[in-house]
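Note that the protein sequences, when read in sequence, are chains A and B.
Residue numbering for the first sequence follows our numbering, beginning at 1 and increasing consecutively.
Residue numbering for the second sequence follows our numbering, beginning at 116 and increasing consecutively.
See structure below.
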Amino acid sequence: EAGVAQSPRYKIIEKRQSVAFWCNPISGHATLYWYQQILGQGPKLLIQFQNNGVVDDSQLPKDRFSAERLKGVDSTLKIQPAKLEDSAVYLCASSQLTSGRYEQYFGPGTRLTVT
Amino acid sequence: AQTVTQSQPEMSVQEAETVTLSCTYDTSESDYYLFWYKQPPSRQMILVIRQEAYKQQNATENRFSVNFQKAAKSFSLKISDSQLGDAAMYFCAYRRRDGSEKLVFGKGTKLTVNP
């Protein structure tokens, strides 16, 4: 079974530029998560999708971050414009359903450096 | 709001010995899940072990076991017969049992295994 795929693995941009990350979840997984992991901290949920609908985006900085999951499969996370404090690893995860009894499987992450 | 605290930023253990990683959490809920995740350097996060709060029996997975103390809100991870491949960041996480509540992570403990 293929795991969660993410691209790119690394990205370096200057502040005020825009950037997009892509995630392909495990086939058949209805729930998709985007996490932000700042160096030295645990992951923090940015947004959670159930199929193509948003379940929780309470911690997404909506003035600069946006995410979509068209057709309930792949997802993209965009930052525009980027700030220095956005430097982090962005993790995508998926699970069969939303309930806590379903394991979340994580992708390898995209390491973003904003200079 | 739920919080997860890992008070040991770094731990080290000799190969083949046993190490215990600590985690405490704060919640007003009675039914929830607790997790330990492993994140090797530059590799993706994987689930090590899961505990359901309503179960009194401590979860075990091969060399990994937990000591779940619900009243004390403590959830420690014991790694027996430590191996070089156990070296990683370990994150403790909490999630409500039902609904779409997010995973709440601690800041992590970096485990070094010395040969």
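Virtual Cβ for every residue (Gly too), placed ideally from N, Cα, C.
Taking the beta carbon of residue i as the centre, do at least 16 other beta carbons fall within 10 Å, making it buried, or is it exposed?
| i | result |
| --- | --- |
| A:Arg16 | exposed |
| A:Ser94 | buried |
| A:Thr110 | buried |
| A:Ile38 | exposed |
| A:Val114 | buried |
| A:Gly42 | buried |
| A:Tyr90 | buried |
| B:Gln172 | exposed |
| B:Ala174 | buried |
Using alpha carbons as the reference points, say which of the options lies closest to residue i.
| i | options | result |
| --- | --- | --- |
| A:Gln50 | A:Gln96, A:Asn24, A:Pro108, A:Leu60 | A:Gln96 |
| A:Tyr102 | B:Arg158, B:Tyr147, B:Ala187, B:Ala131 | B:Tyr147 |
| B:Phe179 | B:Tyr152, B:Gln159, B:Gln171 | B:Tyr152 |
| B:Tyr209 | A:Ala82, A:Phe65, A:Val4, A:Lys44 | A:Lys44 |
| B:Asn229 | B:Gln171, B:Asp196, B:Asp213 | B:Asp196 |
| B:Tyr205 | B:Ala131, B:Ala187, B:Asn173, B:Gly221 | B:Gly221 |
| A:Gln21 | A:Gln104, A:Lys71, A:Tyr105, A:Gln80 | Residue 21 of chain A is actually Phe in this sequence, not Gln. Closest by alpha carbon: A:Gln80. |
| B:Gly200 | B:Ala131, B:Arg212, B:Ala168 | B:Ala131 |
| B:Glu176 | B:Ile194, B:Lys188, B:Lys185 | B:Ile194 |
| A:Ser58 | A:Tyr33, A:Pro108, A:Gln41, A:Arg69 | A:Tyr33 |
| A:Asn27 | A:Gln6, A:Phe106, A:Ala2 | It is Ser, not Asn, that sits at residue 27 of chain A in the sequence shown. Ranking the options by Cα distance to A:Ser27, first place goes to A:Ala2. |
| A:Pro25 | A:Lys78, A:Lys71, A:Leu84 | A:Lys71 |
| B:Tyr169 | B:Gln121, B:Lys188, B:Lys217, B:Thr120 | B:Lys188 |
Closer than 7 Å to a non-hydrogen atom of the ligand SAH - does that hold for the CB of residue i?
| i | result |
| --- | --- |
| B:Tyr169 | You won't find the ligand SAH in this model; it holds no ligand whatsoever. |
With distances taken between CB atoms, is the gap from residue i to residue j smaller than 8 Å?
| i | j | result |
| --- | --- | --- |
| A:Ile13 | A:Ala88 | no |
| B:Ile164 | B:Leu136 | no |
| B:Phe190 | B:Cys207 | yes |
| A:Asp74 | A:Leu112 | no |
| B:Gln123 | B:Thr224 | yes |
Ends of the beta strand (DSSP E) at residue i?
| i | result |
| --- | --- |
| B:Ala203 | 203-211 |
| B:Arg165 | 161-167 |
| B:Gln129 | 125-129 |
| B:Thr133 | Neither: B:Thr133 is in no beta strand (DSSP E) and is coded neither H nor E. |
| B:Leu149 | 147-154 |
| A:Gly53 | 53-56 |
Can you list, in chain order, the residues of the segment 155-181 of chain B whose Cβ is nearer than 9 Å to any Cβ on chain A?
Ser157, Arg158, Gln159, Met160, Ile161, Leu162, Arg165, Glu167
Mind checking the segment 30-62 of chain A against chain B and listing, in chain order, the residues whose C-beta falls within less than 9 Å of any C-beta there?
Thr31, Tyr33, Tyr35, Gln37, Gly40, Gln41, Gly42, Pro43, Lys44, Leu45, Gln48, Gln50, Val55, Asp56, Ser58, Gln59
Taking a Cβ distance cut-off of 8 Å, strictly less, list which residues of the segment 191-209 of chain B are near chain A, in chain order.
Phe206, Ala208
If contact means a Cβ-Cβ distance below 9 Å, which residues of the segment 211-228 of chain B contact chain A?
Arg211, Arg212, Asp213, Gly214, Ser215, Glu216, Lys217, Leu218, Val219, Phe220, Gly221, Lys222, Gly223
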